[in-house]
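Peer 1: Could you have a look at this structure, given as structure tokens, before my questions?
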């Protein structure tokens, strides 16, 4: 009902009934009894699964997640066990009327999120509601009612009792919102981030500098959906505060793994999401030269462009070609997009990254990747090379020359191999 009254298309429908579930199972033999102990069954219908619940009231919550028991109840009793007033509205389709026992419509009109009854009691029943409140408020762009927000602050440390899997699910949904940055700010201001995501505490800073960076970050993140990339962007300021700019870029892969792999595992990232985030954070220095600002501006790290002066012509040097091969890797485009974002947000010129992207697009095949090497190890062996580490070095140099546009075709690359390398490895 909430979404319908807000003029939004509902993502799902919850059906409630006074009929006992045993009776529904008789009427619908195909019903799935998953969740029956909590007053819910699933009815398969035309390829969909419809969740049907009996009006019920909950027993005592013992684990901060589920009631110890449920019993049949009236619609009124059912409404008073729910989390937020705007989620406790019923629609009686037989009489075409909305049933509201908790002043949910009034809260919809005021655009506030308020718990049903005592907020501390509601949040203590299921600790996940602490973060759900922030997610729902951002989703519908409502303010959280004062007593409700105070209760979240008071109980914030109890969010650590929620399983990582449930928290990860909520955080994913938050990152999918239009107002995602607002939800992240609320996470910090409510104290939930301190218990759950201390890496985001920088969002709580009130200086004009951070306010400006926050607005820019929100704008450039836009409707981005790549979870690994989003988290890499969000933890980047934390990486700077931990001194990533003070270590040699050759150690970044090792450093980011040590500093952030545990964080990503804690959030139950998928293997691919964690790979994306770590790849981006580990290799950003290869595309952008990063230098600390002077002491008077220690909070604001300056990004400067050095070395990457991509030729406008078709051919590149081998170092530039090496960067194209980096972009050609599985999460290379995410790395490229990450660099463009941090250059915009942190005040550096982004022309070099744009040029690099242009050069990459010029060279990709229909499958979205760079052309495979023209010269193989077998080719070099047939030319007289000996098997060994030097063979790989030669292959790499030939491939870099191919990507750089130094050869017109495979024949040119083979001729280069004959001219430059055969004498080195007779």
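Residue numbers (my numbering): 1045 to 1470.
Virtual Cβ for every residue (Gly too), placed ideally from N, Cα, C.
Keep in mind the model is a prediction, meaning the values are calculated, not measured.
Count the other CB atoms within 10 Å of the CB of residue 1299; is the residue buried (16 or more) or exposed (fewer)?
Peer 2: Residue 1299 comes out buried.
Peer 1: Pick from 1268, 1200, 1281 and 1160: whose alpha carbon is nearest that of residue 1243?
Peer 2: When only C-alpha atoms are compared, the closest one is 1281.
Peer 1: Quick one, which of 1362, 1203 and 1227 has its alpha-carbon nearest residue 1238's?
Peer 2: Closest option to residue 1238, Cα to Cα, is 1203.
Peer 1: What do you get for residue 1114, buried or exposed, if any count of 16 or more other CB atoms within 10 angstroms of its CB means buried?
Peer 2: That one is buried.
Peer 1: Along the chain, where does the alpha helix (DSSP H) that runs through residue 1438 open and close?
Peer 2: Element bounds for residue 1438: 1433-1448.
Peer 1: If you check the beta carbons only, do residue 1126 and residue 1163 fall under 9 Å apart?
Peer 2: No, Cβ-Cβ distance for residue 1126 and residue 1163 is not below 9 Å.
Peer 1: Restricting to Cα atoms, I'd like to know which of 1093, 1166, 1418 and 1058 is closest to residue 1072.
Peer 2: With distances taken between Cα atoms, residue 1072 lies closest to 1093.
Peer 1: Cα separation between residue 1450 and residue 1402?
Peer 2: Using only the alpha carbons, I get a separation of about 18 Å.
Peer 1: Rounded C-beta distance between residue 1324 and residue 1382? I'm assuming under 8 Å.
Peer 2: Indeed, because the Cβ distance is near 5 Å, the residues count as touching under 8 Å.
Peer 1: The alpha helix (DSSP H) spanning residue 1281 covers which residue range?
Peer 2: Looking at the DSSP string, the run of the alpha helix (DSSP H) that includes residue 1281 is 1271-1285.
Peer 1: Please report the Cβ distance between residue 1442 and residue 1419, rounded to the nearest whole angstrom; I am assuming they are in contact, meaning their Cβ atoms lie under 8 Å.
Peer 2: Rounded, the Cβ-Cβ distance is 5 Å, consistent with contact.
Peer 1: Can you tell me which of 1059, 1090 and 1062 puts its alpha carbon nearest to the alpha carbon of residue 1074?
Peer 2: Nearest of 1059, 1090 and 1062 to residue 1074, Cα basis: 1090.
Peer 1: Hey, quick one: how far does the alpha helix (DSSP H) through residue 1072 stretch, first residue to last?
Peer 2: Counting along the chain, residue 1072 falls outside any alpha helix (DSSP H), and DSSP gives it neither H nor E.
Peer 1: Under 6 Å Cβ to Cβ from residue 1219, same chain only, skipping five residues before and after it: list those, please.
Peer 2: Excluding sequence neighbours, residue 1219 sits near 1274.
Peer 1: Within 10 angstroms of its Cβ, does residue 1454 collect 16 or more other Cβ (buried), or is it exposed?
Peer 2: It counts as exposed.
Peer 1: The beta strand (DSSP E) spanning residue 1088 covers which residue range?
Peer 2: Here the beta strand (DSSP E) through residue 1088 covers 1084-1089.
Peer 1: Give the DSSP-derived three-state secondary structure of residue 1077 in the structure shown.
Peer 2: Coil.
Peer 1: If distances are taken between C-alpha atoms only, which option among 1116, 1293 and 1397 comes closest to residue 1064?
Peer 2: Residue 1064 has its Cα closest to that of 1116, out of 1116, 1293 and 1397.
Peer 1: In the DSSP output, which residue or residues are listed as bridge partners for residue 1101?
Peer 2: DSSP lists 1115 as partners of residue 1101.
Peer 1: For residue 1343 and residue 1284, what's the separation of their Cα atoms in angstroms?
Peer 2: With a pLDDT of only 25 at residue 1343, under 50, the local geometry of the prediction cannot be trusted, and no value is derived from it.
Peer 1: If you draw a straight line from the C-alpha of residue 1422 to the C-alpha of residue 1277, how long is it?
Peer 2: Answer to the nearest angstrom: the Cα atoms are 43 Å apart.
Peer 1: Between which two residues does the beta strand (DSSP E) containing residue 1060 stretch?
Peer 2: Per DSSP, residue 1060 belongs to the beta strand (DSSP E) from 1059-1061.
Peer 1: Considering only C-alpha positions, which residue in the set 1134, 1060, 1096 and 1371 is nearest to residue 1049?
Peer 2: For the residues 1134, 1060, 1096 and 1371, the minimum Cα distance to residue 1049 belongs to 1134.
Peer 1: What residue range is occupied by the uninterrupted beta strand (DSSP E) comprising residue 1134?
Peer 2: First-last of the beta strand (DSSP E) with residue 1134: 1133-1136.
Peer 1: For residue 1399, tell me which candidate among 1224, 1058, 1368 and 1428 has the shortest Cα-Cα distance.
Peer 2: Considering only alpha carbons, the answer is 1368.
Peer 1: At the level of alpha carbons, what is the spacing between residue 1146 and residue 1120?
Peer 2: C-alpha separation (whole angstroms): 9 Å.
Peer 1: Can you have a look at residue 994 and say buried or exposed, based on whether 16 or more other CB atoms are within 10 angstroms of its CB?
Peer 2: For residue 994 there is no data in the structure shown, the boundaries of the chain being 1045 and 1470.
Peer 1: Helix, strand or coil for residue 1316? Go by DSSP, reduced to three states.
Peer 2: If DSSP states are grouped into helix, strand and coil, residue 1316 belongs with the helices.
Peer 1: Excluding five sequence neighbours on each side, which residues of the same chain lie with their C-beta closer than 7 Å to the C-beta of residue 1408?
Peer 2: Taken in chain order, the residues that qualify are 1414.
Peer 1: Check whether the Cβ atoms of residue 1260 and residue 1389 sit closer than 9 Å, and answer yes or no.
Peer 2: Yes, Cβ-Cβ distance for residue 1260 and residue 1389 is below 9 Å.
Peer 1: Assign residue 1351 to buried or exposed, taking buried as 16 or more other Cβ atoms, counted over all protein chains shown, within 10 Å of its Cβ.
Peer 2: Because residue 1351 carries a pLDDT of 31, less than 50, the predicted location of this residue cannot be relied on, and the following value inherits that uncertainty. Result: exposed.
Peer 1: With the cut-off set at 9 Å, would you say residue 1319 and residue 1297 are in Cβ contact?
Peer 2: Not in contact: residue 1319 and residue 1297 (Cβ atoms no closer than 9 Å).
Peer 1: Measure the alpha-carbon distance for residue 1205 versus residue 1166 and round it to whole angstroms.
Peer 2: Going from the Cα of residue 1205 to the Cα of residue 1166 covers about 15 Å.
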